[in-house]
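In our numbering, the protein residues as written are 1413 to 1484.
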């Protein structure tokens, strides 16, 4: 097989690998987010209510800021 034939095969294989990699990574990320949703303000309010506290809006915002800072 001539050299240009191998070059075309390599390019096709790289494109197919990139497409399949993107697809499977996307599926894995969607599954992870479905099983482990990120924490939002409503979840913080519910957690504090379970602990017997009624949080103010300021407290909820402070906790969200702390969590966002911790995640980065």
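The beta-carbon is built from N, C-alpha and C at its ideal position, and this holds for glycine as well.
| Where does the unbroken alpha helix (DSSP H) through residue 1463 begin, and where does it stop? | Where residue 1463 is concerned, there is no enclosing alpha helix (DSSP H), given that its DSSP letter is neither H nor E.
Quiz item: Whose C-alpha, out of 1432, 1440, 1457, 1414, is nearest the C-alpha of residue 1469?
Solution: 1457
Alpha carbon of residue 1436 to alpha carbon of residue 1481, nearest angstrom = 30 Å
_Between which residues of its own chain and residue 1475 is the CB-CB distance below 6 Å, once the five residues before and five after are set aside?_
1456
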